[in-house]
Structure formats: structure tokens, C-alpha cells
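2 protein chains.
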Amino acid sequence: MTFMTAPRTTPADRPPLGLRERKKIKTRQAIRTATYALIEEQGYDATTIEQIADRAEVSPSTVFRYFPAKEDIVVTDEWDPVIMAELRARPQDESWADVLRHVMRTALDLSLAEEPEVMRLRTRLGVEVPAVRARMMESMAVTGRLLREALAERSGLDPDSLELRVFAMSVMGGLMEVSRYWAETGHRDDIRDLVDRALDVLEHGLPSAKP
Amino acid sequence: MTFMTAPRTTPADRPPLGLRERKKIKTRQAIRTATYALIEEQGYDATTIEQIADRAEVSPSTVFRYFPAKEDIVVTDEWDPVIMAELRARPQDESWADVLRHVMRTALDLSLAEEPEVMRLRTRLGVEVPAVRARMMESMAVTGRLLREALAERSGLDPDSLELRVFAMSVMGGLMEVSRYWAETGHRDDIRDLVDRALDVLEHGLPSAKP
DNA sequence: CATCTTTTGACAGTTACTCTCAATTTCATG
DNA sequence: CATGAAATTGAGAGTAACTGTCAAAAGATG
Numbered sequence: 000m001t002f003m004t005a006p007r008t009t010p011a012d013r014p015p016l017g018l019r020e021r022k023k024i025k026t027r028q029a030i031r032t033a034t035y036a037l038i039e040e041q042g043y044d045a046t047t048i049e050q051i052a053d054r055a056e057v058s059p060s061t062v063f064r065y066f067p068a069k070e071d072i073v074v075t076d077e078w079d080p081v082i083m084a085e086l087r088a089r090p091q092d093e094s095w096a097d098v099l100r101h102v103m104r105t106a107l108d109l110s111l112a113e114e115p116e117v118m119r120l121r122t123r124l125g126v127e128v129p130a131v132r133a134r135m136m137e138s139m140a141v142t143g144r145l146l147r148e149a150l151a152e153r154s155g156l157d158p159d160s161l162e163l164r165v166f167a168m169s170v171m172g173g174l175m176e177v178s179r180y181w182a183e184t185g186h187r188d189d190i191r192d193l194v195d196r197a198l199d200v201l202e203h204g205l206p207s208a209k210p
Numbered sequence: 000m001t002f003m004t005a006p007r008t009t010p011a012d013r014p015p016l017g018l019r020e021r022k023k024i025k026t027r028q029a030i031r032t033a034t035y036a037l038i039e040e041q042g043y044d045a046t047t048i049e050q051i052a053d054r055a056e057v058s059p060s061t062v063f064r065y066f067p068a069k070e071d072i073v074v075t076d077e078w079d080p081v082i083m084a085e086l087r088a089r090p091q092d093e094s095w096a097d098v099l100r101h102v103m104r105t106a107l108d109l110s111l112a113e114e115p116e117v118m119r120l121r122t123r124l125g126v127e128v129p130a131v132r133a134r135m136m137e138s139m140a141v142t143g144r145l146l147r148e149a150l151a152e153r154s155g156l157d158p159d160s161l162e163l164r165v166f167a168m169s170v171m172g173g174l175m176e177v178s179r180y181w182a183e184t185g186h187r188d189d190i191r192d193l194v195d196r197a198l199d200v201l202e203h204g205l206p207s208a209k210p
């Protein structure tokens, strides 16, 4: 679910956090902030790691140490644990579509409340920059595996069966397309509505338009 | 549908084919052949463009001229027109799932008959090499757009509607997972059976496993 | 404060890819 | 078949994203 922005660590998380750890978080954030700014100014391709390093006041080596690839600076995703917990927390008799509706709603509400601009930038880059899009799809596949686990627990199906794998990936593919649609239409709609509509399609199939 | 191998141009295609054109086709094929061989010998990452150029007896410049990126040498896809024609040729009252069943069956039969080894190599690389996988997903998205067009014609729905977009991409996501599953399980199963099972899931949802 | 560990930056090297230009090859025409 | 136009190729220079190594700096620890 890489098109969402990163969830803030809860305030009462771990008070005793060493200076080392705090600095690492700061550096990470500095690199991200520098990257976002530079991309807004010059575009993705024109922004080099060196420029990012300069603005974030670290060395290029450090940038690579924090993010294995340039796209990762934009796309990094810390949502999976949150989503997974939420998935398991839903009542057992709820349909998978309703479960997803709730989970996605929760995640999107948080994401939109925290950093709506970054979320928009990310989805836009997902459309415009192939490398970013590729990274998003990778991350989507990972989330798909988690979804599979959760669905396996609920349904009693083998998580490694073709059926469950296909199903989970088809759901993720559909949700991915929502992100793309949202960005391509200039973030006109409320993405939460789009997700709801997508889940309707995934649950019931295409509405018949003939009549 | 990038995991299939390229369809041969039909014999009675275009007899008057200039020397220029014939040479281009030869060069293209030489580069591909060299690449496949080198990858089998040393793996994808260890194979450089320079080595490919050497073995294909062209200059590195030429390799880049024929294939914009290294992955493209492996993944290039000429199936879309074939698939599209087949899609339109199916009877109007056939369900989308049956249409896809036929189209995929046809394409896979051809592909398996022509170059089964290349198809296996491709899918394997799709699992092992992120860049190849990314390129495959791109190509999948393109095919998804074609599928959308075809479905729009059949259903009367707007091809640009969120609903149709989501639906088409969810189908493609599911099919993509088939390719992955096939490769990850060591090409044990007949991929045509896997595709059939996937389409069942996409058409009817998950089978209930409880009873 | 001394030492042990982690993090950082400098540097060198590789490779995919881009661009430009001149040489070569194919094609069309008189 | 000669010739000029057009397409194709190869050589070379340049860029930028990575990788790996090593010594210096900074934080943790007793």
C-alpha cells in the first residue's frame, strides 16, 4: 500500500530512545524532505542523489545507506504492520470486502490527515516515473502476500494455493488501479470513495450497464 | 502478457521484405539469442551489455538502439495485437471469462509449441530479477488497457470508468500471479490448467474450503 | 575518561544508458 | 551501374546510480 504516507509512530511508543536512534530517524526524514522538495522544484529525473545529499547535509554514501534505491526515498512504506493488525482485528464473520473496506478506510483517513500533499506527490510520481511505479508494485505484491495470510486464516484455505494467491493479487491489482486513477484524474475525487467503488467491483463484478 | 514468447510472423506475411528489414530482424534475434545464452551461463546480473554485444557481433550502441533497456531484451512482447484480435473475434454473447479462457488458451498453445524453454526462462527471470519483473508488470498494464477496450465494447461500459479500469487490472493482476506461481513451483504444472483455475477464481470468487 | 561499537564520509570502480558525429551500407533513381 | 539520399552502425565521451572498502568521527558503556 505504498501510495499512502507513513504512519507516525504513536507518541507513547518508546520513551527511552537513544541519541543514536533519534539521529537516524532525523537523517532519514531529512533525506526524504530534501528529496520531496527537490522533486517539486526540478522533477524526479533531474534530481540527483548528490543534490539530495547536499540539501540533506549528508554524504551521498549515507543516502545510499538509508535507501537502497532512489525510488525508495519516495516510496518507502511502513503500513504493512498496521494493515495486518487491522485485518486480524476485524470480526470473523465479516466478509472480506467489508474487512478491506474498513482497513482501507482507516489507513486512508490517517494518511490523508497526516500528509495529504506527500500522498498526492507519491501517487503522481507513481504515474509519471516508471521506476517509482515499479517500486510501488513491488510493495503492492508484498502487501498482497500479507492479505493472503489474513484471508487464509479467515477462509481456512491454503495460503499457498494458486486460488488464494490469484485472488489476493487480483484485489491488489484493483486497488493499485485506484491509486493510478486518482492521480491521473488530478486527485479530483475523494480516494476513499474510489476505494469503496473498487471494492464493490471486486466483490460483485462489473455493474451491467446495458439497461 | 509478457511471459509468453513472441509469436512467429506467419509465413505468407510479406514476401517483399527489403534487405534492410531482414537484417534488422536478424540483428534483433542475434541479440536476443546471445542474451539468453549468456544469462543461462552466468545469470542475469553478471551478463553485461558489452558481453551481449560481443557475442551478437554488434556494438553496444546497437544493442541500446534495438532495446531501450536490458530487461527489454528478455521481456519484449509482441502478443498484444494477436490477443486483441482474438478478443474481438469471440462471439458477443460469450462471458468475459470464457473469452479470456479461449484467448489465453490460444496464446499459450502457440507459445508453448514455439519456444517453451524461452517461456520458462522468462517467467523464471520474472521471479528472480526485480527489473525484469517490473518490465513485465508494465507490459501487463498495457495489456490491461487493451482488455479494458475489449470489455468496454462488449459491456457498453465507459472504458475510462473506474469500474472497468479496476476490473481489468484485477484480472491482469490475477493472471500475473499465475505466471509467478508457475515459475515459483518450478514449472511443475501445465500453465494452461493454472490459467483456467485462475479464471474460475476471477469469475466466481474463492471456493469455500470450510466443508 | 577509556574503550568498544556503530555510523559516517571519502574514494575508487562498475555498469547501464545517452548523445553526438563520422563512416558504412542499403535503396532509389537516372 | 553510377550516384546521391537515407538509414544504420560504431566509436567515443559523458552522466548518474549504485557497490564495496577503509579510516575517521560520534555515540554507547563500564
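Chains as they are written, first to last, in numbering that gives the first Met the number 0: chain V, 0 to 210; chain W, 0 to 210.
Even glycine gets a Cβ: it sits at the ideal position worked out from N, Cα and C.
Because the structure is a prediction, the values reported are computed rather than measured.
Taking 8 Å as the threshold (beta carbon to beta carbon), is residue i in contact with chain V?
i	result
W:Phe-66	no
W:Ser-154	yes
W:Glu-162	yes
W:Tyr-43	no
W:Arg-89	no
W:Lys-209	In this prediction, W:Lys-209 scores a pLDDT of 42, lower than 50, which makes its location untrustworthy; the coordinate-derived value is nonetheless stated afterwards. For W:Lys-209, the answer is yes, since a Cβ of chain V falls inside 8 Å of its Cβ.
W:Pro-158	no
Could you say which of the options lies nearest to residue i if we only look at CA atoms?
i	options	result
V:Met-118	V:Thr-46, V:Val-73 and V:Asp-199	V:Val-73
V:Ser-160	W:Glu-176, W:Glu-202, W:Phe-166 and W:Lys-23	W:Glu-176
V:Thr-32	V:Leu-16, V:Arg-19, V:Leu-18 and V:Thr-4	V:Thr-4
V:Ala-83	V:Thr-122, V:Gln-91 and V:Val-102	As written in the sequence, residue 83 of chain V is Met, which differs from the Ala given in the question. Measuring from the Cα of V:Met-83, the nearest candidate turns out to be V:Val-102.
V:Asp-108	V:Gln-28, V:Arg-21, V:Val-141 and V:Asp-192	V:Asp-192
W:Tyr-43	W:Gly-173, W:Ala-167, W:Leu-124 and W:Leu-201	W:Leu-124
W:Arg-64	W:Asp-92, W:Glu-93, W:Thr-26 and W:Ala-167	W:Thr-26
W:Ala-197	V:Asp-92, V:Val-170 and V:Ala-197	V:Val-170
W:Asp-76	W:Arg-134, W:Leu-111, W:Arg-54 and W:Lys-22	W:Arg-134
Using a Cβ cut-off of 7 Å, pull out every chain W residue sitting near residue i, in sequence order please.
i	result
V:Ser-169	Ser-169, Val-170, Gly-172, Gly-173 and Leu-201
V:Tyr-180	Leu-161 and Arg-164
So which residues of chain V does residue i contact, with C-beta pairs closer than 9 Å?
i	result
W:Met-3	None at all; the shortest Cβ gap to chain V is about 18 Å.
Counting contacts by CB-CB distance shorter than 8 Å, is residue i in contact with chain W?
i	result
V:Val-177	yes
V:Arg-196	yes
V:Ala-133	yes
V:Leu-86	no
V:Pro-206	yes
V:Ile-190	no
Can you tell me whether residue i is buried or exposed, with buried defined as 16 or more other CB within 10 angstroms of its CB?
i	result
W:Leu-146	buried
V:Thr-184	exposed
W:Lys-69	buried
V:Arg-19	exposed
W:Glu-137	buried
W:Ser-58	exposed
V:Glu-85	buried
V:Arg-187	exposed
V:Asp-157	exposed
V:Asp-92	exposed
W:Leu-201	buried
V:Ala-149	buried
What does residue i touch in chain W if you count any residue whose Cβ is under 8 Å from its own?
i	result
V:Leu-193	Leu-161
V:Met-136	Ala-133 and Met-136
What residues from chain V crowd round residue i, counting only those whose CB sits closer than 8 Å?
i	result
W:Pro-129	Ala-133 and Glu-137
Exercise. What alpha helix (DSSP H) runs, 4 residues minimum, are completely inside the region 36-78 of chain V?
Worked result: 48-55, 59-65 and 69-74
For this session: Could you pull out every unbroken alpha helix (DSSP H) segment of at least 4 residues lying fully inside the region 150-194 of chain V, listed in chain order?
Result: 161-183
Exercise. Unbroken alpha helix (DSSP H) runs of length 4 or more, entirely within the region 78-163 of chain W: which are they?
Worked result: 79-88, 95-113, 115-127 and 129-154
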